[in-house]
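In UniProt numbering, the protein residues as written are 1 to 151. Backbone N, C-alpha and C fix where the C-beta goes; we use that ideal spot for every residue, glycine too. Since we're looking at a predicted model, the values are computed, not measured.
Right under this line is the structure:
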């Protein structure tokens, strides 16, 4: 069944005048999805959607994780042992307030990186890093200035 809807006039207004623009003959196919008779069925409650979350991925065994952590920290241990064996010269290390603050600032920055990795967000980390970084920068500049003045 095809329905034919004649359109007698298609008009538009331009400067308070009506002009005849076209005459159309439309032939439309029948509606494949006729509207439902029941208005209530549209607003009736729908069945509950049950979400199924995927299973959590398996973690590696604790032994493997600890072994990898040991392998990562092994170069630091080797470095310290070799420094002791070779007799690292720490007598040239200046024991001043700027040296202490600089190394303390470096340790604080590394600690802040750890806190960022564990539980801080980026903006909080940057806020703390601005303060710690400024102190580390100023004390490092002072430390390097005092080292160059001694030489």
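Looking at the backbone, the Cα of residue 148 and that of residue 140 are separated by about 12 angstroms. Here residue 129 is not bridged, per DSSP, to any residue.
Residue 97 holds the alpha-carbon nearest to the alpha-carbon of residue 142 among 126, 97, 114 and 111. For residue 149, the secondary structure class from DSSP, reduced to helix, strand or coil, is helix. Secondary structure within the UniProt domain "Ribophorin II C-terminal" (53-151): the alpha helix (DSSP H) runs of 4 or more consecutive residues, fully enclosed, are 62-86, 97-118 and 122-150 (chain order). Only buried fits residue 105, as 16 or more other CB atoms lie within 10 angstroms of its CB.
Taking all protein chains in view, the Cβ of residue 136 is crowded by 16 or more other Cβ atoms within 10 Å, so the residue is classified as buried.
The straight-line gap separating the alpha-carbon atoms of residue 113 and residue 125 is approximately 8 angstroms.
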